[in-house]
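Q:
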Amino acid sequence: MEEVPIIEMKGIVKVYPDGTKALKGVDFSVKKGEIHGLLGENGAGKTTLMKILSGMLHPTGGKIFVNGKEVRFKSPADALANGIGMVHQHFTLVDVFDGLHNIILGMEGHGLFSKIDVEKAKEKLQKLMDELNFQVPLDVPVEKLPVGVQQRIEILKTLYRDVDVLILDEPTAVLTPIEVKELFEVLRKLKSQGKTIIFISHKLREVMEITDRVTVLRKGELIGTVNTRETTPKELAKMMVGREVVLKIEKPPKEAGKPVLEVKDLWVKGDRGEDAVKGLTFEVRAGEIFGIAGVEGNGQTELIEAISGLRKVEKGKVILNGKDITGRPPRELYDLGMAHIPEDRIHMGLVIEMSVAENSILGLHWRKAFRGPLGLIRWDKVKEHAAKLVRDFEVSVPSIEAPAKSLSGGNQQKLIVAREVSKEPEFIIASQPTRGVDVASTEYIRNYLIKLRNENKAVLLVSADLDEVLQLSDRMAIIYEGKFVGIVKPEEVTEEQIGLMMGGIKNES
Amino acid sequence: MRVDIKGFTKPLVESLVAIVIGILVGAIILAFSGYSPAEAYIALFNGALGSKYGLAMTLSSATPIILTALTFGIGARTGLFNIGGEGTVYFGAIMAIILTNLWGNVLMGLFGGILAGMAWMAIPAILKVLRGVNEVVSTIMLNWMAYFIALYIVLQKIPNPEDPNKTLAVPVSARFPIIMKGTELSWAFAISVIAALITYYILWHTELGYELRVSGYNERAARYGGINPKKAIIWSFLLGGIMSGLAGATEVMGRPPSYAISQGMANIYGYGFDGIGVSLVGRNHPLGIIFSGIFFGMLRAGATSMQIEAGVPLEMVKVVQGVIVVTIAIPGLLDLLKKVVRR
Chain A
557 MEEVPIIEMK GIVKVYPDGT KALKGVDFSV KKGEIHGLLG ENGAGKTTLM
607 KILSGMLHPT GGKIFVNGKE VRFKSPADAL ANGIGMVHQH FTLVDVFDGL
657 HNIILGMEGH GLFSKIDVEK AKEKLQKLMD ELNFQVPLDV PVEKLPVGVQ
707 QRIEILKTLY RDVDVLILDE PTAVLTPIEV KELFEVLRKL KSQGKTIIFI
757 SHKLREVMEI TDRVTVLRKG ELIGTVNTRE TTPKELAKMM VGREVVLKIE
807 KPPKEAGKPV LEVKDLWVKG DRGEDAVKGL TFEVRAGEIF GIAGVEGNGQ
857 TELIEAISGL RKVEKGKVIL NGKDITGRPP RELYDLGMAH IPEDRIHMGL
907 VIEMSVAENS ILGLHWRKAF RGPLGLIRWD KVKEHAAKLV RDFEVSVPSI
957 EAPAKSLSGG NQQKLIVARE VSKEPEFIIA SQPTRGVDVA STEYIRNYLI
1007 KLRNENKAVL LVSADLDEVL QLSDRMAIIY EGKFVGIVKP EEVTEEQIGL
1057 MMGGIKNES
Chain B
20 MRVDIKGFTK PLVESLVAIV IGILVGAIIL AFSGYSPAEA YIALFNGALG
70 SKYGLAMTLS SATPIILTAL TFGIGARTGL FNIGGEGTVY FGAIMAIILT
120 NLWGNVLMGL FGGILAGMAW MAIPAILKVL RGVNEVVSTI MLNWMAYFIA
170 LYIVLQKIPN PEDPNKTLAV PVSARFPIIM KGTELSWAFA ISVIAALITY
220 YILWHTELGY ELRVSGYNER AARYGGINPK KAIIWSFLLG GIMSGLAGAT
270 EVMGRPPSYA ISQGMANIYG YGFDGIGVSL VGRNHPLGII FSGIFFGMLR
320 AGATSMQIEA GVPLEMVKVV QGVIVVTIAI PGLLDLLKKV VRR
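Here the protein sequences line up with chains A and B, keeping their order. Be aware that the first sequence starts at 557, since it is given in our numbering, and climbs by one per residue. Be aware that the second sequence starts at 20, since it is given in our numbering, and climbs by one per residue.
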């Protein structure tokens, strides 16, 4: 007997007001009680499809059935009433509220002055947490909680509304490996209780581990749905990008040259005045990739900002090519041969409202090549430059006049890499260079970093993606609470050893 | 030149919609107040556009508000909400009178306006850069300080010995020639258009403008891009100061018959505030500001004939202006309208 799927979407089409076709007639169906992976590169339409299912967006065409009955959602509230809830990639929490008030927000009664029954809510929540076997502090402002805990509050918030279908949008993007493990336990528990889970991701390994079935989207089209047990990561990767992905990266052996960047006993404070970097000393040599691995929030951001002139150095020295650059402004550093791929491409690496051409000269706009008389910018030269970057790095753009925000995440990142490389640096910082970037772009960027190394540049790589650091680095440091636990060669350690070091446990063997 | 047609269409349509809504709501209010909307609008547009005289008055009314709109527009494009144009106008006018009375030529007058504008706008700039004072707060308060300081100077320091109702006049040698005899339209209008064009060039075609715009969109990206956001803030204020300073200067150098500041500063009061609306309708773009300035100038010029021919008080025109500005200022309102239309 064919079971009626709990969710069935038929021929879903979504055209955004600016004419972008995000979905071109996608069919999608989910069985009750399964964990269903939704896989695809950035811009494949995963999130759009799920926003439609959760009532946040209205489809341009197509039909949605819940338990075989056609529905039409006007708002997320309609979807919730049908038992569908979504946890977004970017959390929707009120930072200064505690967990409890975040969870009951919007459910506290319908009159402006109706009383909130906090005790009853607490009781229900406690029961829910006991059932799931995980606890979150309910009385601490969420801004003080780690990201992993905030995410659980988001999940609780959705479950509290009695949903049967839980949609998770890239839930692991912000989590540490340990937190991912814990999240998966929660998901399995939910499954055992009969909940249905839709898991959006572009990470093959996670999809292989947690899901029962996987649906792959590519460029707004359905590629197919497969049983996870009957497929391989390689096959999924092929479905995602439409070609065989070279998951292995070629890295010929190479002797490192003289030190290009030297950091000596560096101390840097974090945003709240705490010591974030505590006396780091290291060097990055010509022709090597020096990787820094570690759980996010252990001083990586502060370290990079201090080196690149964006954050005050409390104590210690940064030396570039023998020149003391401690506390020098970014403009001077760029002129001295530094380039910086920042971790936050939306808020730092690009001015997303400005065009691709305008973004292509950020940080080198003062160079002679673009300068006409009277301080005029030679837009013809800028356009040539932008067109060259787009061509050389295969950045897919509607036009170089289009705003940077119209590019997909992977293409935005490629644009940044292209621009930074065009500064012709001797030392380049790559901070989370492939975070949130699709498989094809990731491969491209990683290979490019290797290429820079082969061209005898010094590369400082910081990444929360351990595989990336292991794969690319010639030498790597593991950072924990502002200090290096150790500096090792990737080929000389096991993943387990590194895992321990990331947790602050020194390698004794 | 880099003109992106596609980028212009949407704001243009939105502004036109706002104008239409403003006119319609104005009509409703007129009808409720017992006037004939049709008669009133015919008188208004006829007065402003129906004759060479009206056209001249429209353009001359547009002159100062184009300039003060540039002050707000430059701020908005560079991440500032600079509403200090009002106070700056006074000092621009005063300095132009003083300098032209010392050296009787046009250039000295313009120089006076520029100098006073930059000096006065340097105050909120320094407060923001050094102490992080929000420019909305500082410029509002500085407008009031400017008003009373200027009033003191007007009454006590540069009174006209022959006419107690106004200040010293700009000498004939430093006045802008009148373009059309019998009207108030002088070559000062050209100054405002040139200022808008230069502003456009600075913002979109120079390194400084690039840095200003990047800082305006995103301070973190600016810092990352080797730009000093503090420098950008100072430049934005100074450029804005120049524009409103020029508004004051051109007003006393180019508007017959008085060529002076009247008692109580009635003839130079309010341009800074009107400029905010002009800039918003012009979508804070220097080229848009030229057109919206002329539109607002038309409302001002036509208001008189609306009063004479249709018996509608001048204040009604202000109501129409207000509705247009409010409509424009609520972008969400238009999005809402779109949704309603779609359903």
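Positions of the beta carbon are idealized from the N, C-alpha and C atoms, including for glycine.
I want to verify the contact list: residues of chain A whose CB lies under 8 Å from the CB of A240(B), in sequence order.
A: Chain A residues near A240(B): H903, M904, G905, L906, V907 and L918.
Q: Taking the alpha carbon of K147(B) as the reference point, which residue from L318(B), V297(B), A251(B) and V338(B) has its own alpha carbon closest?
A: Closest option to K147(B), Cα to Cα, is A251(B).
Q: Would you mind reading off the limits of the alpha helix (DSSP H) that contains T857(A)?
A: Residues Q856 to I863.
Q: Would you report the Cα separation of L68(B) and V342(B), rounded to the nearest angstrom?
A: One C-alpha to the other measures close to 22 Å.
Q: Taking a Cβ distance cut-off of 7 Å, strictly less, list which residues of the stretch 208 to 225 of chain B are near chain A, in chain order.
A: Of all residues in the stretch 208 to 225 of chain B, H224 and T225 have a Cβ within less than 7 Å of some Cβ in chain A.
Q: On the DSSP letters alone, give me the boundaries of the alpha helix (DSSP H) that I562(A) sits inside.
A: Counting along the chain, I562(A) falls outside any alpha helix (DSSP H), and DSSP gives it neither H nor E.
Q: Looking only at its chain, what residues have a beta carbon closer than 6 Å to the beta carbon of L724(A), apart from the 5 residues adjacent to it on each side?
A: Hits under 6 Å: V643 and F755.
Q: Using a threshold of 8 Å, state whether the C-beta atoms of L760(A) and F1040(A) are closer than that.
A: In this structure, F1040(A) does not lie closer than 8 Å to L760(A) by Cβ.
Q: Around the Cβ of T648(A), are there at least 16 other Cβ atoms within 10 angstroms (buried) or fewer (exposed)?
A: It counts as exposed.
Q: Under 8 Å between beta-carbons, which chain A residues line up against A227(B)? List them in chain order, please.
A: One detail in the question is off: residue 227(B) reads as Leu in this sequence, not Ala. Here the neighbours are G931.
Q: Using the Cβ count rule (16 or more neighbours within 10 Å means buried), how would you classify W922(A)?
A: It is buried - the Cβ of W922(A) has at least 16 other Cβ atoms within 10 Å.
Q: Going by the beta-carbon positions, is the gap between R150(B) and G273(B) smaller than 8 Å?
A: Not in contact: R150(B) and G273(B) (Cβ atoms no closer than 8 Å).
Q: Buried or exposed: which applies to T1050(A), given that a residue is buried once 16 or more other Cβ atoms fall within 10 Å of its Cβ?
A: With fewer than 16 other Cβ atoms within 10 Å, it is exposed.
Q: Please go through the same chain and pick out, in chain order, the residues whose beta-carbon is closer than 6 Å to the beta-carbon of S311(B), but skip the five residues on each side of it.
A: Cβ neighbours of S311(B) beyond the five flanking positions: V297, V300 and G301.
Q: Go to M1032(A), then tell me how far its beta strand (DSSP E) extends in each direction, as first and last residue.
A: Note, M1032(A): beta strand (DSSP E), R1031 to Y1036.
Q: Looking only at its own chain, which residues have a Cβ that is under 6 Å from the Cβ of G601(A), when we skip the five neighbours before and after it?
A: Taken in chain order, the residues that qualify are A578, L579, L773 and G776.
Q: Establish whether the CB of V571(A) and some CB of chain B are separated by less than 8 Å.
A: No, V571(A) does not count as interfacial toward chain B.
Q: Can you tell me the Cα-Cα spacing of E1048(A) and S1019(A), whole angstroms?
A: Roughly 19 Å separates the two Cα atoms.
Q: Is the stretch 328 to 339 of chain B close to the stretch 46 to 55 of chain B, with three or more CB pairs under 8 Å?
A: Touching, yes, given that three or more Cβ pairs across the two stretches are closer than 8 Å.
Q: Taking the CB atoms as reference points, tell me whether S263(B) and G104(B) lie closer together than 8 Å.
A: In contact: S263(B) and G104(B) (Cβ atoms closer than 8 Å).
Q: Bridge partners for M1058(A) per DSSP, in chain order?
A: For M1058(A), which the question treats as bridged, DSSP gives no partner whatsoever.
Q: I'd like to know whether the C-beta atoms of I805(A) and R1002(A) end up nearer to each other than 8 Å.
A: Contact flag set, yes.
Q: Write down every uninterrupted run of the alpha helix (DSSP H) in the stretch 109 to 154 of chain B whose length is 4 residues or greater and which is fully enclosed by it, in chain order.
A: Those alpha helix (DSSP H) runs which fall completely within the stretch 109 to 154 of chain B and span 4+ residues are 125 to 150.
Q: Exposed or buried, G865(A), counting other C-beta atoms within 10 Å across all chains shown (16 or more means buried)?
A: Label assigned to G865(A): buried.
Q: Can you tell me whether R975(A) is buried or exposed? The criterion is at least 16 other CB atoms within 10 Å of its CB, across all chains shown.
A: The residue in question, R975(A), is buried, as its Cβ has 16 or more Cβ neighbours within 10 Å.
Q: Give the straight-line distance between the Cα atoms of E870(A) and E230(B), rounded to the nearest whole angstrom.
A: Cα to Cα, the separation comes out at about 29 Å.
Q: For H921(A), go through chain B and note every residue whose CB falls closer than 9 Å to its CB, in chain order.
A: Those within 9 Å of H921(A) in chain B are E226, Y229, E230, V233, G244, G245 and I246.
Q: Do I591(A) and I766(A) have their beta-carbon atoms positioned less than 8 Å apart in this structure?
A: A contact, by the Cβ cut-off of 8 Å.
Q: Is Q691(A) buried or exposed, if buried means 16 or more other CB atoms sit within 10 Å of its CB?
A: So Q691(A) ends up on the exposed side.
Q: Whole angstroms are fine: how far does the CA of I253(B) sit from the CA of S757(A)?
A: So the two alpha carbons sit approximately 46 Å from each other.
Q: Leaving out the 5 sequence neighbours to the left and right, which residues in its chain are closer than 6 Å to R884(A) when beta-carbon positions are compared?
A: Within the same chain, R884(A) has close Cβ partners G865.
Q: Since P929(A) sits in a beta bridge, which residues does DSSP pair it with?
A: Note: P929(A) sits in no beta bridge, so no partner.
Q: Can you list the residues of chain A that N303(B) reaches, using a CB-CB cut of under 7 Å?
A: Residues of chain A passing the Cβ test: none, with the nearest at roughly 13 Å.
Q: Going along chain A in order, which residues have a C-beta closer than 7 Å to the C-beta of Y236(B)?
A: Under the 7 Å cutoff, chain A gives V907, E909 and M910.
Q: Can you grab the Cα-Cα spacing for the pair N854(A) / G826(A), in whole Å?
A: In a straight line, the C-alpha of N854(A) is about 10 Å away from that of G826(A).
Q: Which residues does DSSP pair with A81(B) in a beta bridge?
A: Partner(s): none; A81(B) has no beta bridge.
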